[in-house]
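Trainee: Chains as they are written, first to last, in the numbering used here: chain A, 24 to 141; chain B, 47 to 406; chain C, 82 to 634; chain D, 11 to 257.
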Amino acid sequence: MEQHQHEHHHHLPHPEPSEPTHTPFRIVSPMTYLVIGGCLLVLTAATTAISYVELGVFNAVVAIAIACIKASLVVLFFMHIKYSSKLTKLTVASGIFTFLVLITMTMTDYASRAWGRW
Amino acid sequence: MQHFISPVLWQFLVKWLTHFAIFPPEASSIAPYADALYFFLIFISVIGLGAVAILVTWFSIRYRQSRNPVATQIEGSTILEATWTIIPLILFMITFVWGALLYFRIYSPPPNAMNIYVVGKQWMWKIEHPGGQHEINALHIPINQPIQLTLISQDVFHSFSVPAFRVKREAIPGRYTTVWFEATRPGVYHLFCTQYCGTLHSQMIGWVYAMKPDDYQAWAAGSTSGHSLAQNGERLFASLGCNSCHNSTPNAHGPNLASVYGSHVQLANGQYTTVDDAFLRDTILNPTLHEVAGYAPIMPTYQGQVSEDGLIDLVEYIKRLNSNYRIDQTIDNSAGQPVQTGATPAGTSAPPLAPGAVKP
Amino acid sequence: MSTIVSLPDQSTARLPKVSYLNKEYGLKSWLLTGDHKRIAVLYMISITFFFFIGGAMAALIRLQLLTPYGDLLAADTYNKVFTAHGLIMVFFFLVPSVPATIGNFCIPIMVGAKDLAFPKINLLSWYLYVAAGIMMICVLTFGGVDTGWTFTTPLSTHYLNTNVVTAGLAVFVAGFSSIFTGLNFIVTIHRMRAPGMTWFRLPLFVWSHYAASILMVLGTPVLAITLTLVVLERTIGIGVFDPTRGGDPLLFQHLFWFYSHPAVYIMILPGMGVISEVISTFSRKRVFGYTAVAFSSVAIAVFGFFVWAHHMFIMGISNYSALVFSLLTMLVAVPSAIKIFNWAATLYKGSITFETPMLYAFGFLGLFTIGGLTGVFLGSLGMDIHLTETYFIVAHFHFVMVGGMLMAYLSGVHFWWPKITGRMYPEGVSRLAAVITFVGFILTFFPQFVLGYLGMPRRYAAYPPEFQVLNVFSSAGASVLGIGYLLPLLYLTWSLKYGKIAGPNPWQATGLEWQIQSPPLTENFDKTPIVTHEAYDYDWLANKTRNEVTTVG
Amino acid sequence: MDSHSIAAQTAEPAHLEHEHPAFLRHHFENVAQQREAATFGMWLFLLTEIMFFGGLFCAYLIFRNWYYPAFVAGSHTLHIWAGTLNTTLLIISSFTMAMAVHAAEVRHRGPLLRWMVLTIVLGCGFLCVKAYEWHDEWVNHHVPGLNFSIQEFTHTNPAYPGDKPLAPDMAEKTQIYYSLYFVMTGMHALHMIIGVSLLAILLIRARGGAFTNGHIAPVENFGLYWHFVDIVWIFLFPLLYLISRHQ
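#1: Between the Cα of residue 390 (chain C) and the Cα atoms of C:456, C:342, C:486 and C:360, which residue gives the shortest distance?
#2: Check the Cβ of residue 307 (chain C) against every Cβ in chain D and list those closer than 9 Å, keeping chain order.
#3: Please identify the residue among C:626, C:599 and C:608 whose C-alpha is closest to the C-alpha of residue 97 (chain C).
#4: Under 9 Å, CB to CB, which of the residues in the region 233-244 of chain B have a partner in chain C?
#5: For residue 50 (chain D), return the contacting residues in chain A, with the cut-off set at a CB-CB distance below 9 Å.
#6: Tell me the start and end of each unbroken beta strand (DSSP E) in the region 277-312 of chain B that is at least 3 residues and wholly inside, in chain order.
#7: Along chain C, in chain order, which residues have C-beta atoms closer than 7 Å to that of residue 121 (chain A)?
#8: Using a Cβ-Cβ cut-off of less than 7 Å, give me the residues of the region 369-396 of chain C that come near chain A, in sequence order.
#9: How should residue 578 (chain C) be labelled, buried or exposed, when 16 other C-beta atoms within 10 angstroms of its C-beta is the threshold for buried?
#10: Output, in chain order, the set of chain C residues within a Cβ distance shorter than 7 Å of residue 248 (chain D).
#11: What span of residues does the alpha helix (DSSP H) with residue 76 (chain D) cover, start to end?
#12: With 9 Å set as the bound, which would you pick, yes or no: does the beta-carbon of residue 162 (chain D) sit closer than that to a beta-carbon of chain B?
#13: Just checking my contact of residue 637 (chain C) with residue 207 (chain C) at CB under 8 Å: how many whole Å lie between their CB atoms?
#14: How should residue 151 (chain D) be labelled, buried or exposed, when 16 other C-beta atoms within 10 angstroms of its C-beta is the threshold for buried?
#15: Using CA atoms only, rank isn't needed, just tell me which of C:249, C:469 and C:351 is closest to residue 291 (chain C).
#16: Can you list, in chain order, the residues of its chain with a C-beta nearer than 7 Å to that of residue 175 (chain C)? Leave out the 5 residues immediately preceding and following it.
#17: Quick one: does residue 38 (chain A) have its CB under 9 Å from some CB of chain D?
#18: So residue 201 (chain C) contacts chain B; which residues on that side make the cut at Cβ distance below 8 Å?
#19: Curious, which full-length alpha helix (DSSP H) runs of at least 4 residues does the region 80-121 of chain A contain?
#20: For the region 356-363 of chain C against the region 79-99 of chain A, are there 3 or more C-beta pairs whose distance is under 8 Å?
#21: Rounded to whole angstroms, what is the Cα-Cα separation between residue 143 (chain C) and residue 194 (chain B)?
#22: Are residue 610 (chain C) and residue 596 (chain C) closer than 9 Å when you measure CB to CB?
#23: Residue 163 (chain B) versus chain C: which residues are under 9 Å apart at the beta carbon?
#24: Below 9 Å on C-beta distance, what does residue 125 (chain A) contact in chain D?
#25: Identify whether residue 228 (chain D) lies in helix, strand or coil by the three-state DSSP scheme.
#26: Can you tell me whether residue 463 (chain B) is helix, strand or coil according to DSSP?
#27: Considering only the beta carbon of each residue, do residue 113 (chain C) and residue 202 (chain C) sit closer than 9 Å?
#28: Which stretch, first to last residue, makes up the alpha helix (DSSP H) that contains residue 145 (chain D)?
#29: Taking only beta-carbon atoms, is residue 84 (chain B) less than 9 Å away from chain C?
#30: Using a Cβ-Cβ cutoff of less than 7 Å, which residues in the same chain neighbour residue 406 (chain C) once the five nearest sequence positions on both sides are dropped?
#31: Tell me the rounded alpha-carbon separation between residue 305 (chain C) and residue 336 (chain C).
#32: Contact criterion: CB-CB distance below 9 Å. Does residue 135 (chain A) meet it with respect to chain D?
#33: Based on DSSP bridge pairs, tell me the residues matched to residue 163 (chain B).
#34: When we look at the beta-carbon of residue 173 (chain B) and count the other beta-carbons within 10 Å, is it buried (16 or more) or exposed?
#35: In the DSSP assignment, find the unbroken beta strand (DSSP E) run with residue 180 (chain B) in it and report its ends.
#36: Let me check one thing: in DSSP terms, what residues is residue 16 (chain A) bridge-paired to?
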């Protein structure tokens with residue numbers, strides 16, 4: 024008897040949906056995977072080759088840049104972020120953001136310690 | 047009164063009351079500044095807490111159900127919310143600036159500060175005065191004289207705290223840290239280790255004896271071990287063979303160390319750095335990290351060979367080294383020129399001691 | 082018939098025939114359950130167990146500090162006791178307290194879902210908690226650990242010969258339990274909301290759990306890797322934190338506090354959610370400035386990641402870093418201030434009653450305000466130098482965590498007790514317990530602020546005699562506080578059998594969880610609810626009640 | 011763009027509302043909600059993984075700045091061919107995993123099984139190369155805490171005659187490099203082992219017909235995990251193997 028009350032929800036008018044409940048999933052074609060896989064292999068060869076070229080500080084910069092490009096390709100295509108909802112994109116972004124907070128805020132302490140004692 | 051209660055309890059109460067303290071003594075030049083900020087913070091806390099308490103109490107009485115059976119629904123109020131966002135923000139910003147100023151006051155020693163070395167180890171404080179006075183868990187200082195402490199730990203993190211002075215500094219393994227204070231009132235004050243450091247953490251305590259300058263001089267004269275830190279350092283410098291490279295002879299492999307303290311040197315990577323205690327200590331232990339421009343990286347590491355006390359001796363020695371005269375002489379002596387050995391009267395060589403150091 | 086809607090007169094209320102509690106019987110049906118409500122109950126039992134172990138440790142600490150000479154326990158035993166107190170209370174009580182029990186129970190219902198998104202992971206998270214708990218018990222049984230809950234290197238890695246590795250692994254495992262809880266909440270809140278349940282119709286309890294979950298998911302793994310490094314350093318000596326091998330002990334501090342500062346918000350945010358619900362319900366008024374309170378939770382979560390180094394002001398971070406972290410610490414205090422004033426303003430023109438949850442909530446307001454404001458003392462650089470590592474820190478932390486979070490937890494437990502068990506707790510004795518807790522708490526921890534400014538260091542097994550008077554006050558208060566915590570254990574257990582039947586909505590609250598039977602069905606709702614009203618819409622509730630009277634009666 | 015097309019499988023959510031396939035768990039309204047929840051949950055789990063490795067990267071950056079010559083010397087002892095080979099293996103395995111997910115999406119059981127087997131083989135290949143490298147480092151006394159010796163770094167590395175031998179204090183710091191090397195590659199290999207094991211379980215289930223009936227969430231989410239492990243290696247490779255190779 025006590026449970027009557029929740030049935031009244033159904034008499035209420037249907038409200039507007041808060042956000043789209045169904046995001047269509049895309050099937051990425053094998054051709055895309057093949058192209059991306061090829062790019063990744065080429066970039067791997069490139070990063071190994073470039074590491075033998077003297078570029079000063081830019082060796083590290085180039086190596087990290089290539090790694091970032093490769094990682095982005097994997098995230099965007101293999102992991103379907105390019106075709107994903109805003110929420111998933113935001114999730115990835117927040118992960119990278121927090122990662123950068125950890126790295127940069129810690130590194131600034133180490134970097135500024137060398138500036139002297141006032 | 048004591049007739050009405052048990053004598054034991056009475057003793058207990060008396061003891062309590064005589065020991066009852068709710069505010070630490072203000073015994074340093076910094077203490078009043080710290081206390082001023084403390085009272086300001088208490089003031090804004092009381093205001094804040096009072097505001098909340100008054101609102102909650104008043105609303106609870108005025109709008110209790112028996113008096114106000116039907117609630118009035120209110121969305122919120124942007125103006126009110128902005129008010130109680132901005133006012134705390136302003137107060138917190140004032141606190142931030144004030145706190146930062148106090149921080150730099152506490153951690154920026156004045157140039158004329160007298161330096162004392164402190165080594166923390168499980169579970170004692172070893173204090174080393176430049177004049178060669180060694181103390182365990184006690185620190186004698188003159189009042190009205192800025193004292194800079196250079197702290198280091200031999201094992202784990204310790205923290206050097208003198209509540210009466212409102213100063214505290216972590217003693218870190220592997221790194222010098224500094225703090226300074228100027229005692230204003232003679233007395234005996236607590237010295238605590240406040241960073242948990244293992245089993246006998248609570249016994250790593252001692253006393254700071256703030257003395258009138260005359261008393262301090264008397265104590266210093268009576269407590270010296272006979273050799274100043276710099277003199278110990280000089281011996282260590284020779285026995286470790288530092289002098290074979292760091293001298294002023296033409297075939298010296300290493301930099302000339304006379305008057306090097308406080309100077310700017312260019313490193314192998316092109317950057318400039320100031321030679322301070324930390325730099326000297328690091329170059330002895332990790333010479334490769336601080337290769338000085340123009341010298342081959344041939345210096346061996348002394349990691350594990352010199353104790354923190356020995357490092358302090360060496361640093362103190364190099365700090366006060368104004369000429370290479372005695373180093374070169376030691377080299378000459380060890381090079382085997384017996385003719386001149388006795389010919390150099392010790393008295394004529396300029397002692398590499400700064401005037402502040404206490405002689406044996 | 083109409084009596085069922087004009088509650089809180091519970092005279093005619095009856096326990097429903099079928100509920101999540103009696104759907105299935107037997108131990109197996111509990112240990113293999115996927116039902117978030119049953120898992121919440123399992124959690125509640127286990128954290129209560131650990132709370133009282135941690136509480137026993139606290140009692141030993143306060144007994145030891147009754148006299149200045151360390152008469153009761155040897156120094157190393159005392160160190161083990163306060164370490165056990167810290168580890169158990171932080172990782173086995175405070176972190177899971179509100180989220181894993183009340184959050185687990187209420188969040189799916191509040192958003193109108195049948196369960197959390199991943200019931201098996203929810204159960205796994207409880208098992209991880211239990212595994213970690215057993216490891217912790219093993220640590221205590223086989224000689225204890227005396228690192229302090231902060232595992233400070235190089236003390237923990239090279240200078241102690243207690244069970245550091247097991248303790249570290251226990252916290253590691255407990256961390257994953259908390260990660261999975263947070264992950265489950267975030268997915269549930271995003272993906273499982275009932276039709277019409279928009280973000281700004283969510284109860285603030287859900288918002289604060291959402292914010293806390295973000296911190297759990299992003300912060301905890303850093304603790305995991307840090308403890309892994311500590312364990313490796315200790316077992317095979319890899320040298321990353323060892324200054325004699327070129328490692329940096331301060332790096333440990335950075336990584337540890339990167340989690341452990343946000344962990345403070347993991348602990349307090351869910352409590353803030355409870356307070357929003359309770360204050361709104363017992364003043365029968367919507368929360369003042371819903372949006373500001375909701376966003377202040379998120380702001381605390383985001384800013385929470387930028388302030389960790391304020392634990393290291395005197396530990397050797399650069400002065401520039403100290404400045405930046407101090408400034409950011411001041412900023413993170415603002416959202417908490419907003420919340421406090423918004424809660425106070427919620428009372429304005431309300432229709433306030435003073436049931437037990439509300440008393441605990443008032444306790445929270447007062448104690449958390451003190452705790453928060455003393456946090457500003459510690460965030461202020463120059464003041465921190467004198468106050469850090471003293472009893473001032475201990476008092477501040479306990480005001481926030483015990484005065485704040487534990488009050489909020491008890492408030493929540495009383496508030497949702499009728500929903501969880503279907504029965505009321507005894508109102509008179511529970512009000513008494515709330516008052517005793519508040520008084521005992523103030524007596525225990527307020528003297529510690531004074532002790533802190535006097536300079537008494539924390540974690541001292543023995544201390545100079547002039548600190549004794551205040552320590553005796555504190556220990557005396559702790560005994561009062563202990564009674565305050567034992568009472569709920571007794572009368573809540575009593576109420577399981579003898580409590581009055583609560584009925585679906587004894588408080589006449591607006592949340593979805595109050596619109597279903599108590600205790601709820603396993604699926605929570607007969608049919609997925611469709612939400613048309615905002616949170617704390619008492620007009621909607623009154624309207625619904627009127628309709629019900631006409632329909633039912 | 012013809013490289014992708016919109017899937018048809020979830021185009022009729024209205025019907026799915028009342029359709030209850032065996033794999034739809036009771037607390038979800040429909041298949042789409044279940045799949046979205048699972049994917050989102052997996053991404054959140056990957057966030058925790060980012061932060062888990064984040065702590066290690068943070069430590070790496072600090073010590074690389076402090077002890078750069080030691081990091082160079084340590085890096086030069088690693089086999090660049092092994093690192094490059096492993097990177098290649100992992101990238102190809104990521105490709106095969108992506109193809110496996112595709113096969114599940116278009117409900118082709120044969121290709122799904124073949125791509126999964128290929129991924130397992132590549133993953134095992136990676137682990138074998140890694141094991142060979144670790145063995146090599148053990149033989150050369152490069153394992154910190156267990157059998158470490160600075161001998162090799164205080165003398166000229168024959169493979170890099172241009173490298174100056176390190177001073178003893180800097181040579182000691184190669185231990186930090188190796189600590190990070192072993193923790194980072196060890197944690198990565200642990201993830202690989204877990205991945206291969208999970209994939210083997212999924213393979214057995216796929217043989218029984220799972221994942222080609224529209225219930226692709228486990229394969230899809232495993233794919234996300236596998237790609238993430240690949241990404242970690244994509245960063246580990248230049249950070250550990252490619253430090254100043256030109257010297």
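Think of the CB as a built atom: it goes at the ideal place given N, C-alpha and C, for glycine as much as any other residue.
Treat the numbers as computed from the prediction; the structure is a model and nothing was measured.
Mentor: The short version:
#1: Mapped onto the third sequence, residue 390 (chain C) falls at position 309. Answer by Cα proximity: C:342.
#2: The sequence position of residue 307 (chain C) within the third sequence is 226, counting from 1. Neighbours of residue 307 (chain C) on chain D, chain order: 65.
#3: Taking the third sequence and counting its residues from 1, one reaches residue 97 (chain C) at position 16. Closest by C-alpha distance to residue 97 (chain C), out of C:626, C:599 and C:608, is C:599.
#4: So the list reads 236, 238, 239, 240, 241, 242, 243 and 244, given in the order they occur along the chain.
#5: Residue 50 (chain D) sits at position 40 when you count from the first residue of the fourth sequence. Within 9 Å Cβ-Cβ: 108, 110, 111 and 114.
#6: With a minimum length of 3 residues, the continuous beta strand (DSSP E) runs that stay inside the region 277-312 of chain B are 310-312.
#7: Residue numbering aside, residue 121 (chain A) sits at position 98 when the first sequence is read from its first letter. Those are 299 and 386, listed as they occur along chain C.
#8: Those residues of the region 369-396 of chain C that come within reach of chain A (Cβ to Cβ, closer than 7 Å) are 386, 387 and 390.
#9: The residue given as residue 578 (chain C) occupies position 497 in the third sequence. Residue 578 (chain C) should be labelled exposed.
#10: Indexing the fourth sequence from 1 puts residue 248 (chain D) at position 238. Under the 7 Å cutoff, chain C gives no residues; its nearest Cβ is about 21 Å from residue 248 (chain D).
#11: In the fourth sequence, the residue the question calls residue 76 (chain D) occupies position 66. Where residue 76 (chain D) is concerned, the enclosing alpha helix (DSSP H) stretches over 41-76.
#12: Sequence index remark: in the fourth sequence, residue 162 (chain D) carries index 152 (1-based). False, the Cβ-Cβ gap to chain B never drops below 9 Å.
#13: Summary: the structure shown does not reach residue 637 (chain C), with chain C confined to residues 82 through 634, and so no result is reported for it.
#14: Here the question's residue 151 (chain D) lines up with position 141 in the fourth sequence. Residue 151 (chain D) comes out exposed.
#15: Locating residue 291 (chain C) in the third sequence gives position 210, where the first residue counts as 1. Nearest of C:249, C:469 and C:351 to residue 291 (chain C), Cα basis: C:351.
#16: Residue numbering aside, residue 175 (chain C) sits at position 94 when the third sequence is read from its first letter. Within the same chain, residue 175 (chain C) has close Cβ partners 348, 482 and 486.
#17: By one-based count along the first sequence, residue 38 (chain A) stands at place 15. Per-residue confidence for residue 38 (chain A) stands at a pLDDT of 41, beneath the threshold of 50, marking its modelled position as unreliable; no derived number is given.
#18: Counting from 1 along the third sequence, the entry for residue 201 (chain C) is found at position 120. What residue 201 (chain C) touches in chain B: nothing, since even the nearest Cβ is about 41 Å away.
#19: 81-96
#20: no
#21: Within the third sequence, the letter at position 62 stands for residue 143 (chain C). Within the second sequence, the letter at position 148 stands for residue 194 (chain B). Their Cα atoms are separated by approximately 37 Å.
#22: Residue numbering aside, residue 610 (chain C) sits at position 529 when the third sequence is read from its first letter. Residue numbering aside, residue 596 (chain C) sits at position 515 when the third sequence is read from its first letter. Cβ distance < 9 Å, so residue 610 (chain C) and residue 596 (chain C) count as in contact.
#23: Position 117 of the second sequence, counted from the first residue, corresponds to residue 163 (chain B). Residue 163 (chain B) does not reach chain C, its nearest Cβ partner there being about 17 Å away, counting only Cβ pairs nearer than 9 Å.
#24: Numbered from 1 along the first sequence, position 102 holds the residue referred to as residue 125 (chain A). Within 9 Å Cβ-Cβ: 61, 64, 65, 67 and 68.
#25: For the purposes of this step, residue 228 (chain D) is identified with residue 218 of the fourth sequence, where counting begins at 1. Residue 228 (chain D): helix per DSSP, three-state reduction.
#26: The requested residue 463 (chain B) does not occur in the structure, where chain B is confined to residues 47 to 406.
#27: Numbered from its first residue, the third sequence carries residue 113 (chain C) at position 32. Numbered from its first residue, the third sequence carries residue 202 (chain C) at position 121. Between residue 113 (chain C) and residue 202 (chain C), the C-beta spacing is not below 9 Å.
#28: By 1-based counting over the fourth sequence, the position of residue 145 (chain D) is 135. Per DSSP, residue 145 (chain D) belongs to the alpha helix (DSSP H) from 119-149.
#29: For the purposes of this step, residue 84 (chain B) is identified with residue 38 of the second sequence, where counting begins at 1. It does; some Cβ of chain C falls within 9 Å.
#30: As a position in the third sequence, residue 406 (chain C) is number 325, starting the count at 1. Around residue 406 (chain C): 388, 390 and 391.
#31: The residue labelled residue 305 (chain C) in the question sits at position 224 within the third sequence. The residue labelled residue 336 (chain C) in the question sits at position 255 within the third sequence. One C-alpha to the other measures close to 10 Å.
#32: Position 112 of the first sequence holds residue 135 (chain A). With 9 Å as the cut-off, residue 135 (chain A) does not count as an interface residue toward chain D.
#33: Numbered from its first residue, the second sequence carries residue 163 (chain B) at position 117. B:174 and B:196.
#34: Locating residue 173 (chain B) in the second sequence gives position 127, where the first residue counts as 1. Residue 173 (chain B) is buried by the Cβ-count criterion.
#35: Mapped onto the second sequence, residue 180 (chain B) falls at position 134. Segment 180-182, the beta strand (DSSP E) holding residue 180 (chain B).
#36: Only positions 24 to 141 of chain A appear in this structure, which leaves residue 16 (chain A) out of reach.
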